[in-house]
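I have placed the structure first, in the form of structure tokens, so that the comments after it can refer back to it.
There are 2 protein chains.
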Amino acid sequence: MATTRPDVDPPDSPCSVGWTVPQTIRLATREDPFPLEVGGSIGPVDVEYETYGELNKARDNVILVTHALSGDAHVAGWDKTAEATGRLWRARKPGWWDTMVGPGKPLDTGRYFVVCANFLGSCYGTTGPSSPNPSTGKPYGLSFPVVTVEDWVRQQARLLDALGVARIRAVIGGSLGGQQAIEWALAYPERLDKCIVLAASPRLSTQGLAFNAVGRQTIMSDPNFNGGCYYDGPAPADGLAAARMLAHITYLSEPGMHDKFGRRLQDREQPAFSFGIEFAVESYLDHQGKAFVERFDANSYLYITRAMDYYDAAAQWGGGDLVEACRRVQSDVMVVSFSSDWLYPPAHCREFATALCQLGKPVTYVDVPSRYGHDAFLVEYDVVGSLVRSFVNNERRSS
Amino acid sequence: MATTRPDVDPPDSPCSVGWTVPQTIRLATREDPFPLEVGGSIGPVDVEYETYGELNKARDNVILVTHALSGDAHVAGWDKTAEATGRLWRARKPGWWDTMVGPGKPLDTGRYFVVCANFLGSCYGTTGPSSPNPSTGKPYGLSFPVVTVEDWVRQQARLLDALGVARIRAVIGGSLGGQQAIEWALAYPERLDKCIVLAASPRLSTQGLAFNAVGRQTIMSDPNFNGGCYYDGPAPADGLAAARMLAHITYLSEPGMHDKFGRRLQDREQPAFSFGIEFAVESYLDHQGKAFVERFDANSYLYITRAMDYYDAAAQWGGGDLVEACRRVQSDVMVVSFSSDWLYPPAHCREFATALCQLGKPVTYVDVPSRYGHDAFLVEYDVVGSLVRSFVNNERRSS
Numbered sequence: 001m002a003t004t005r006p007d008v009d010p011p012d013s014p015c016s017v018g019w020t021v022p023q024t025i026r027l028a029t030r031e032d033p034f035p036l037e038v039g040g041s042i043g044p045v046d047v048e049y050e051t052y053g054e055l056n057k058a059r060d061n062v063i064l065v066t067h068a069l070s071g072d073a074h075v076a077g078w079d080k081t082a083e084a085t086g087r088l089w090r091a092r093k094p095g096w097w098d099t100m101v102g103p104g105k106p107l108d109t110g111r112y113f114v115v116c117a118n119f120l121g122s123c124y125g126t127t128g129p130s131s132p133n134p135s136t137g138k139p140y141g142l143s144f145p146v147v148t149v150e151d152w153v154r155q156q157a158r159l160l161d162a163l164g165v166a167r168i169r170a171v172i173g174g175s176l177g178g179q180q181a182i183e184w185a186l187a188y189p190e191r192l193d194k195c196i197v198l199a200a201s202p203r204l205s206t207q208g209l210a211f212n213a214v215g216r217q218t219i220m221s222d223p224n225f226n227g228g229c230y231y232d233g234p235a236p237a238d239g240l241a242a243a244r245m246l247a248h249i250t251y252l253s254e255p256g257m258h259d260k261f262g263r264r265l266q267d268r269e270q271p272a273f274s275f276g277i278e279f280a281v282e283s284y285l286d287h288q289g290k291a292f293v294e295r296f297d298a299n300s301y302l303y304i305t306r307a308m309d310y311y312d313a314a315a316q317w318g319g320g321d322l323v324e325a326c327r328r329v330q331s332d333v334m335v336v337s338f339s340s341d342w343l344y345p346p347a348h349c350r351e352f353a354t355a356l357c358q359l360g361k362p363v364t365y366v367d368v369p370s371r372y373g374h375d376a377f378l379v380e381y382d383v384v385g386s387l388v389r390s391f392v393n394n395e396r397r398s399s
Numbered sequence: 400m401a402t403t404r405p406d407v408d409p410p411d412s413p414c415s416v417g418w419t420v421p422q423t424i425r426l427a428t429r430e431d432p433f434p435l436e437v438g439g440s441i442g443p444v445d446v447e448y449e450t451y452g453e454l455n456k457a458r459d460n461v462i463l464v465t466h467a468l469s470g471d472a473h474v475a476g477w478d479k480t481a482e483a484t485g486r487l488w489r490a491r492k493p494g495w496w497d498t499m500v501g502p503g504k505p506l507d508t509g510r511y512f513v514v515c516a517n518f519l520g521s522c523y524g525t526t527g528p529s530s531p532n533p534s535t536g537k538p539y540g541l542s543f544p545v546v547t548v549e550d551w552v553r554q555q556a557r558l559l560d561a562l563g564v565a566r567i568r569a570v571i572g573g574s575l576g577g578q579q580a581i582e583w584a585l586a587y588p589e590r591l592d593k594c595i596v597l598a599a600s601p602r603l604s605t606q607g608l609a610f611n612a613v614g615r616q617t618i619m620s621d622p623n624f625n626g627g628c629y630y631d632g633p634a635p636a637d638g639l640a641a642a643r644m645l646a647h648i649t650y651l652s653e654p655g656m657h658d659k660f661g662r663r664l665q666d667r668e669q670p671a672f673s674f675g676i677e678f679a680v681e682s683y684l685d686h687q688g689k690a691f692v693e694r695f696d697a698n699s700y701l702y703i704t705r706a707m708d709y710y711d712a713a714a715q716w717g718g719g720d721l722v723e724a725c726r727r728v729q730s731d732v733m734v735v736s737f738s739s740d741w742l743y744p745p746a747h748c749r750e751f752a753t754a755l756c757q758l759g760k761p762v763t764y765v766d767v768p769s770r771y772g773h774d775a776f777l778v779e780y781d782v783v784g785s786l787v788r789s790f791v792n793n794e795r796r797s798s
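Quick note, the sequences are listed as chains G and X, same order. Under the working numbering, read the first sequence as residues 1 to 399, first letter to last. Under the working numbering, read the second sequence as residues 400 to 798, first letter to last.
As structure tokens, this is what we get:
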């Protein structure tokens, strides 16, 4: 299914949004800082974002894409600034959801104005722990404040304000992006028609909390971590790589890993009997870890996984009761889970849909059979694309 | 189920094997070393073992217990030497399977002579990477040879030889211990009546390989690791703790973790919004990691997880075909899996039973419903105990 079309469109393809140039906007200043969910505030806040397609006159064709842990604002097309900004990985492949966004694609840029902003605390152009702390002139490191999913959604709402957009056609995201989509439906019910939640539940499982804890542990015990003050020296690359390796296991499924790697040895017939790379799956994880440290900041990883931990829609809006929280929802909602996803398991994803159902609110729930685990939300683009296309284009049912 | 009886018998309880004294035997010398599966040999080899009950005159009442990754020969009772040998954790609790071994218990020491030996490469009295290399007088570290499940089983067979035991009533083990039980049935089919395999499959899954790789990565990138030469200085405690934290997640199940910890905060009502311990599950993992480094050697962790990776019964005995391998089996076999075990999932455990079935060999397979994940083989002692008791005591069916 996932292999029926190439997932890379060259810039001059009629399916591609072509070359893109990330933009930056100052959403808060030091004097008028951005208030934070957990108390306090931060300023300045600069936000990197990208847009695709054209905002129509009625300003009612906006689709907001919310990105996941290691994602960024560069959703589709080819970043024209990749080399100039030293973000060389962007010169090698198009945006992370290029399969979904473009002319004629499920989020059709011939029709919709698609917006995505890098969230606070990340390392892709929006203010984060690697940004200069205006009080010291040095990178924040761990003096950066704790940020939350709620902050990100408020940040996105501010960006839409700045773009003159009062109401959006849809918000859509997968994984941690899906949790932002849930938060959008709860925090700004009057600002959106449709909410699409892929591979995400209203709160992370206990097992998910546990994996995040181990990932942070490997980073914080890296000798280069130095309490988060490593920007003048070597980064805690080993710790971040280990965290990423671990996370990658949770993005796949055991059947999927079996299909892809089995117990195959890497580049040899007989085992070498060593602690180096023996099995193909070890080589894969090693590669994933090393590639990640080239493009991600360890402190950002800490902050973002913590935001993932803390998010709890029921606690935030319903005093612990998800049905109570869902009374707020005014949009049509579609929840899509993936059968072999064990990071945000179908049963957990379904909770949001079930709560809406109990209230008689319009909700579509689909569990997509897949062996790709959590990654399926990106990999199963035929099924996801067709679900998303109909849901976004259909008439609104909620009122 | 698992909470219906205390799992600790004091030394003077009629159910306890009482005080025990670990014994050591030299199974190979430098001059006449122990040959290894992957080539080469090692000597001297000293093996720590314990026995419980009495060997009968016919020498036909022996049950061999095979231990798992972090286990040891101290299966039951209270180690009288705990303080003298500095293994203080043994002064705080009885052997790791005290629920199973003792007078009147499922492995009834009133009837059977129970033997368990610490395996080669471990750090509990048997020769391992922390033992002195006779060529240098210093600890082996990574100059210790790669050891395998096959080596451990051969080592156990030699110990039985030394004890004058030609044939055993049963071998029993869980997890990596279960893989040794499988290997016993294949390598020494003529030496055992019964084989009991708990929570183990004939080979580790791809996902299991992946988790082991990450665990080793955290150890080997610890700044104190120093290529395995750390015995004169601080141990790679952070890396080993992270590896253990990760492994612990794989020993539980998501429903089990949810039951036990949920998203409960540790010792507070409101989150502290920090990277310290916030959630109860984080506190649990932190404790598990710290406790482990007090009692385990990081190099041993590397060697033992590698042995776990390499073991593949079908490759070893059937040219890749498990049914072919199983033609060798002459014992009655019982395989017990646990419904929420995802380290050795039921479907994988069942493969051994299915292969034996296809050959018309006597095999009992039970999947125990449990929310305790892989740990269930230790925790569900009522069910496991009753299965084991009948299986061991019943007349032999195979011929």
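Even glycine gets a Cβ: it sits at the ideal position worked out from N, Cα and C. None of these values were measured; they are calculated from a predicted model.
query: Where do the ends of the alpha helix (DSSP H) carrying G:Ala314 lie?
result: 313–318
What residue ranges within the stretch 344–397 of chain G form continuous beta strand (DSSP E) runs of no fewer than 3 residues, ordered along the chain?
363–368
Does the distance from the CB of X:Pro588 to the CB of X:Arg727 come in under 9 Å? yes
Does the beta carbon of X:Ala712 sit closer than 9 Å to a beta carbon anywhere in chain G?
no
Other residues of its chain near X:Ala401: CB distance less than 6 Å, five sequence neighbours each side excluded:
Caution applies to X:Ala401, whose pLDDT of 45 falls short of 50 and renders its modelled position unreliable; the model cannot decide the point.
Rounded to a whole number of angstroms, what is the C-alpha to C-alpha distance between X:Ser440 and X:Pro745?
36 Å
For G:Gly18, which residues from the same chain have a beta carbon less than 6 Å from its beta carbon, with the 5 sequence-adjacent residues on both sides left out?
Pro11, Gly77
Local Cβ density within 10 Å of X:Glu430, reported as buried at 16 or more and exposed below that: exposed
(request) Tell me G:Trp78's beta-bridge partners as DSSP assigns them. (result) G:Trp19
* **Nearest neighbour of G:Arg191, chosen from G:Leu356, G:Asn61, G:Val45 [CA to CA]** => G:Asn61
Review point. Which residues in the same chain as X:Gln665 place their Cβ atom closer than 8 Å to its Cβ, once the five residues preceding and following it in sequence are excluded?
Key: Ile676, Glu677, Phe678, Ala679, Glu681, Ser682
Q) In chain order, which continuous runs of the alpha helix (DSSP H) of length 4 or greater are located wholly inside the stretch 621–686 of chain X? A) 636–650, 653–659
- Return the residues of the stretch 583–615 of chain X that lie within a Cβ-Cβ distance of less than 7 Å from chain G, sorted by chain order. Arg602, Ser604, Thr605, Gln606, Leu608, Ala609, Phe610, Ala612, Val613, Arg615
Which class does G:Tyr301 belong to by DSSP, given the choice of helix, strand or coil?
helix
**Prompt:** Which class does G:Ala307 belong to by DSSP, given the choice of helix, strand or coil?
**Reply:** helix
Shorter than 9 Å from the beta carbon of G:Thr3 to some beta carbon of chain X? Caution is warranted here: a pLDDT of 42 is assigned to G:Thr3, below 50, making its placement in the model unreliable, and no coordinate value can be reported.
Taking buried to mean at least 16 other C-beta atoms within 10 Å of its own C-beta, is X:Trp488 buried or exposed? exposed
- Closer than 9 Å to chain G by CB, X:Tyr709: yes
#### Entry: Top-ranked residue by Cα proximity to X:His817, from G:Phe144, G:Val149, G:Ala157, G:Ala213
Residue 817 of chain X falls outside the range modelled here, since chain X spans only 400 to 798, and no answer is possible.
For G:Pro11, the residue or residues it bridges with in DSSP:
Partner(s): none; G:Pro11 has no beta bridge.
Problem - Integer-rounded CB distance, given that G:Val323 should sit under 8 Å from G:Leu359 - result: 6 Å
Closer than 8 Å at the beta carbon, the chain G residues around X:Leu433: The sequence shown places Phe at residue 433 of chain X, not Leu. The premise fails here: X:Phe433 is roughly 16 Å from chain G at the closest Cβ pair, so nothing lies under 8 Å.
Partner residues on chain G for X:Pro340, Cβ-Cβ distance less than 7 Å:
Since the first residue of chain X shown is 400 and the last is 798, residue 340 of chain X is not available in this structure.
Contact under 9 Å by Cβ, G:Ala298 with G:Arg203: no
| Where X:Asp637 meets chain G, residues with beta-carbon distance less than 7 Å | Ser221
Scan the stretch 667–678 of chain X for residues whose Cβ lies nearer than 9 Å to a Cβ of chain G and list them as they occur along the chain. Pro670, Phe672, Ser673, Phe674, Ile676, Glu677, Phe678
- Which chain G residues are close to X:Val778, counting only those with a beta carbon under 7 Å from its beta carbon? The contacting residues do not exist; X:Val778 stays about 17 Å from chain G at best.
- Give the interface partners of G:Phe261 over in chain X, defined as CB-CB distance under 7 Å, in chain order. Thr605
Residue-level contact to chain X via CB, G:Ile182, 9 Å cutoff
no
I'd like to know whether the C-beta of G:Met245 is nearer than 9 Å to at least one C-beta of chain X.
yes
Chain X contact for G:Val281 (CB, 9 Å cutoff) = yes
_Please classify X:Val791 as buried or exposed, where buried requires at least 16 other C-beta atoms within 10 Å of its C-beta._
buried
### Task
Run down chain G in chain order and give the residues with a C-beta less than 9 Å from the C-beta of X:Arg705.
Phe273, Ser274, Phe275, Glu278
Q. Name the DSSP bridge partner or partners of X:Arg425?
A. X:Asp445
Review point. Quick check: the stretch 235–253 of chain G against the stretch 506–513 of chain X, are there 3 or more CB pairs under 8 Å?
Key: no
- Query: At which residues does the alpha helix (DSSP H) containing X:Ala612 begin and terminate?
  - Reply: 605–619
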